[in-house]
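Okay, structure coming up:
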């Protein structure tokens, strides 16, 4: 049995390193496995290998004919096809998938008592599940069936969540035991309309999920005070507890990831304010693109940002991009 995650570039690898170390910190007894694409550099893969028991390189373009045909018919689902490869990890009898932008706060090995497909209801549409955390059984047959579903039906949201909800369409009604508590996939950035519920149950959160275009590694960290400075584009109306969870993420990075990357037993303490990429630029063989703004925003994160009113007027959502989209739609 194993916890499984996926990274498609070096930037997200920092999330995966923190996720893996957060699982180690809560003393999981399961293996840790990670899927990586060729875009992840060799030096970063080496670092991931220090935290994860198994590192699997997945290249959909170099896969078999079935995968190539699926990718040609649905090119927008390229990353989704990569995520589907978790079902090919048949050396494990059961697994729990965790997005690389999650953080484990408490031991969650009890998830392996659940069956496929167990997941938390999505906050935007609770009849669907959120695909950031789910229990599954690796199977080549299921993988092939998912590929077929992706090719013939596609995804209603352009990502893996829409595809998986289409494939496991009976999740909402078949078996209530497959509905996990929100504590296993708590969205840190949500504007809670029922704050008393968080005040009552927030202290019991097991896994926090940092959805949205701005990830924990996009913020800055003051190595002198040991505190996080929010990204300038972060929504100022986000709940206060979001900063607490960001602090928890950075605490894991500074205490358990940075020393590992440096090959030292302790963390250096420069008295300056630096983004993660500048801190890690001091580390041997680590080259990461500047992330003043996220280099890649998934369609799901982009949609959720719009729903929260976080509109990137100077980037993806600038007028000329919206105009191009409208022109393209009018021509079809």
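Residue numbers (the working numbering): 1141 to 1472. Heads up, the beta-carbon is just placed ideally off N, CA and C, and yes, glycines get one too. Bear in mind that the values here come from a model prediction, so they are computed numbers and not experimental data.
| Of all the options 1344, 1269, 1186 and 1243, which has the alpha carbon lying nearest to the alpha carbon of residue 1145? | If you number the chain shown from 1, residue 1145 lands on position 5. The shortest Cα separation from residue 1145 among 1344, 1269, 1186 and 1243 belongs to 1243.
| query | Hey, how far is the Cα of residue 1218 from the Cα of residue 1165? | reply | Position 78 of the chain shown, counting from 1, holds the residue named residue 1218. Position 25 of the chain shown, counting from 1, holds the residue named residue 1165. Taking the straight line joining both Cα atoms gives about 33 Å.
| task | Can you say whether residue 1250 is buried or exposed, counting buried as having 16 or more other CB atoms within 10 angstroms of its CB? | result | To locate residue 1250, count along the chain shown from 1; it is residue 110. Residue 1250 is exposed by the Cβ-count criterion.
| task | Entirely within the segment 1304–1380 and at least 4 residues each: give me those alpha helix (DSSP H) ranges in chain order. | result | 1335–1341
| field | Assumed close pair residue 1324, residue 1392 - CB separation to whole angstroms, cut-off 8 Å | value | Position 184 of the chain shown, counting from 1, holds the residue named residue 1324. Position 252 of the chain shown, counting from 1, holds the residue named residue 1392. So it is not a contact: roughly 18 Å between Cβ atoms.
| said: Measuring alpha carbon to alpha carbon, tell me which residue in 1275, 1289, 1307 and 1297 is nearest residue 1317. | reply: Stepping through the chain shown from its first residue, residue 1317 is reached at position 177. For residue 1317, the nearest C-alpha among the options comes from 1275.
| query | Once you ignore the five residues that flank residue 1270 on each side, which residues in its own chain have a CB closer than 6 Å to its CB? | reply | As a working mapping, residue 1270 is identified with position 130 in the chain shown. Once the five neighbours on either side are set aside, the close Cβ partners of residue 1270 are 1260, 1262 and 1325.
| Alpha-carbon spacing of residue 1154 relative to residue 1277, whole angstroms | Walking along the chain shown from the start, residue 1154 turns up at place 14. Walking along the chain shown from the start, residue 1277 turns up at place 137. Distance between the alpha carbons of residue 1154 and residue 1277: 27 Å.
| field | Where residue 1242 sits in the DSSP three-state scheme | value | One-based indexing of the chain shown puts residue 1242 at position 102. Residue 1242: strand per DSSP, three-state reduction.
| query | Opposite residue 1258 in the DSSP bridges: which residues? | reply | Along the chain shown, read from residue 1 onward, the residue named residue 1258 stands at position 118. Answer by DSSP bridge pairing, in chain order: 1275.
| query | So what's residue 1407 in DSSP terms, helix, strand or just coil? | reply | As a position in the chain shown, residue 1407 is number 267, starting the count at 1. Below a pLDDT of 50, predicted positions are generally treated as unreliable, and residue 1407, at 39, falls in that range; the measurement from the model is reported next regardless. Coil, per DSSP.
| request: Please state whether DSSP places residue 1147 in a helix, a strand or coil. | output: Mapped onto the chain shown, residue 1147 falls at position 7. Correct three-state label for residue 1147: strand.
| task | Mind checking which residues open and close the alpha helix (DSSP H) that includes residue 1184? | result | Reading the chain shown from its first residue, position 44 is the one you call residue 1184. Note, residue 1184: alpha helix (DSSP H), 1182–1191.
| task | Quick one: grab the DSSP three-state call for residue 1171. | result | Taking the first residue of the chain shown as 1, we reach residue 1171 at position 31. Reduced to three states, the DSSP call for residue 1171 is strand.
| 8 Å CB neighbourhood of residue 1254 in its chain, flanking five on each side removed | For the purposes of this step, residue 1254 is identified with residue 114 of the chain shown, where counting begins at 1. So the list reads 1275, 1317, 1318 and 1320, once near-sequence residues are dropped.
| Are the beta-carbon atoms of residue 1185 and residue 1345 separated by less than 9 Å? | On the chain shown, position 45 is the one that residue 1185 refers to. On the chain shown, position 205 is the one that residue 1345 refers to. In this structure, residue 1345 does not lie closer than 9 Å to residue 1185 by Cβ.
| task | Over the uninterrupted beta strand (DSSP E) stretch that includes residue 1194, give me the two end residues. | result | On the chain shown, position 54 is the one that residue 1194 refers to. Segment 1194–1197, the beta strand (DSSP E) holding residue 1194.
| Residue interval of the alpha helix (DSSP H) (run including residue 1475) | Not covered by the structure: residue 1475. The range shown for the chain is 1141 to 1472.
| said: Checking 9 Å against the spacing of the C-beta atoms, do residue 1150 and residue 1174 come in under that value? | reply: As a first step, residue 1150 must be located in the chain shown, where it is residue number 10. As a first step, residue 1174 must be located in the chain shown, where it is residue number 34. It is not a contact, given that the beta carbons lie outside the stated cut-off.
| request: Please state whether DSSP places residue 1247 in a helix, a strand or coil. | output: As a first step, residue 1247 is located in the chain shown; it is residue number 107 there, counting from the start. Reduced to three states, the DSSP call for residue 1247 is coil.
| query | Quick one, which of 1172, 1398, 1309 and 1382 has its alpha-carbon nearest residue 1226's? | reply | Position 86 of the chain shown holds residue 1226. For the residues 1172, 1398, 1309 and 1382, the minimum Cα distance to residue 1226 belongs to 1172.
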